[in-house]
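Numbering (the working numbering), first residue to last: 1248 to 1427.
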């Protein structure tokens, strides 16, 4: 009986970590996934993606890409736009100021629901999801990194792997991880 319960929990956890596959036909948001209540992640939305997010009630879009080419469209749709530009390499880490701005955005309940993305929805987005899991949900670094890898964080970003393993929410502003 205990094995069935543990197995059920593991199955539920695995299913909850899978990208949402029931996007309407023609809507392209790679690796679209619910992280937590009111918090969604994914890759660069394609045609109709931002319109779909607005229809779903998203209020804020966080862009981790170095390019800032979507701001006008997002603002035209009446959504809040937060640009946290990052360009990462296999030897680089996520900048501390980017992590702080991410949590600052999450701290404001008026920003919810939030969708955050990078190009693929895997590397930068995976790292930021891992930091959220550690800081807000109490996950350890190994579990958070494992989820990020399952969603597509590439193995050669070893500096990010170490950064996730070493991440201490206490190094942020004392209120930075107080997310509604």
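Cβ atoms here follow ideal geometry from the backbone N, Cα and C, with glycine treated the same way.
Between the options, which lies nearest to residue i when the distance is taken from Cα to Cα?
{"i": "residue 1361", "options": "1415, 1310, 1413 and 1271", "result": "1310"}
{"i": "residue 1281", "options": "1273, 1321 and 1380", "result": "1380"}
{"i": "residue 1358", "options": "1287, 1409 and 1271", "result": "1287"}
{"i": "residue 1305", "options": "1289, 1323 and 1285", "result": "1285"}
{"i": "residue 1387", "options": "1410, 1352, 1403 and 1330", "result": "1410"}
{"i": "residue 1333", "options": "1275, 1308 and 1365", "result": "1365"}
Could you compute how far the alpha carbon of residue i sits from the alpha carbon of residue j?
{"i": "residue 1337", "j": "residue 1405", "result": "6 Å"}
{"i": "residue 1367", "j": "residue 1416", "result": "26 Å"}
{"i": "residue 1268", "j": "residue 1291", "result": "Low per-residue confidence applies at residue 1268: pLDDT is 45, beneath 50, and the placement is therefore not dependable, though the value from the model is reported in the following sentence. Using only the alpha carbons, I get a separation of about 16 Å."}
{"i": "residue 1279", "j": "residue 1354", "result": "22 Å"}
{"i": "residue 1335", "j": "residue 1356", "result": "29 Å"}
{"i": "residue 1398", "j": "residue 1370", "result": "9 Å"}
{"i": "residue 1419", "j": "residue 1347", "result": "7 Å"}
{"i": "residue 1341", "j": "residue 1302", "result": "31 Å"}
{"i": "residue 1407", "j": "residue 1339", "result": "7 Å"}
{"i": "residue 1293", "j": "residue 1390", "result": "30 Å"}
{"i": "residue 1299", "j": "residue 1363", "result": "14 Å"}
{"i": "residue 1376", "j": "residue 1322", "result": "24 Å"}
{"i": "residue 1400", "j": "residue 1393", "result": "9 Å"}
{"i": "residue 1316", "j": "residue 1277", "result": "18 Å"}
{"i": "residue 1350", "j": "residue 1320", "result": "24 Å"}
{"i": "residue 1383", "j": "residue 1283", "result": "10 Å"}
{"i": "residue 1330", "j": "residue 1275", "result": "21 Å"}
Thinking C-beta only, is residue j closer than 8 Å to residue i?
{"i": "residue 1318", "j": "residue 1328", "result": "yes"}
{"i": "residue 1273", "j": "residue 1295", "result": "yes"}
{"i": "residue 1373", "j": "residue 1345", "result": "no"}
Contact defined as beta carbons within less than 8 Å: I believe residue i pairs with residue j. What is the distance between those atoms, to the nearest angstrom?
{"i": "residue 1412", "j": "residue 1378", "result": "At roughly 12 Å, the Cβ-Cβ gap does not stay under 8 Å, so residue 1412 and residue 1378 are not in contact."}
In terms of DSSP beta bridges, what is residue i paired with?
{"i": "residue 1383", "result": "DSSP, once it has assigned bridges, lists no residue as partnering residue 1383."}
{"i": "residue 1288", "result": "1280 and 1363"}
{"i": "residue 1307", "result": "1327 and 1361"}
Between residue i and the ligand MN, is the CB less than 7 Å from at least one heavy atom?
{"i": "residue 1306", "result": "Among the components of this structure there are no ligands whatsoever, and the ligand MN is therefore not found."}
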